[in-house]
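Novice:
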Ligand SMILES: [Zn+2]
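Numbering (the working numbering), first residue to last: 3 to 75.
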């Protein structure tokens with residue numbers, strides 16, 4: 003439930019930041035200058051999942067590894 007609140011809105015003209023989108027910046031008065039931006043923390047999560055995916059790929063490429071299929075012979 004915290005994901006939605008991680009998005010903030012920043013005015014590209016003056017740098018004003020708000021938690022909800024507005025058509026007109028209340029600080030500099032510019033129209034359509036406010037755009038949604040992600041917090042700096044966001045890029046960390048995709049990088050972590052990328053490493054995880056690489057690890058899974060290495061496991062798949064390793065020969066001789068018994069897959070836990072649950073079908074014991
Ligand atoms: Zn502004």
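Heads up, the beta-carbon is just placed ideally off N, CA and C, and yes, glycines get one too.
1. Could you tell me how far apart the beta carbons of residue 36 and residue 27 are, in whole angstroms, since I believe they sit closer than 8 Å?
2. Can you tell me which of 34, 73, 69 puts its alpha carbon nearest to the alpha carbon of residue 23?
3. To the nearest angstrom, how far is it from the Cα of residue 30 to the Cα of residue 11?
4. Does the beta carbon of residue 33 fall short of 7 Å from some heavy atom of ligand 1?
5. Closer than 7 Å to a non-hydrogen atom of ligand 1 - does that hold for the CB of residue 23?
Specialist: Quick look at the numbers:
1. 5 Å
2. 34
3. 14 Å
4. no
5. no
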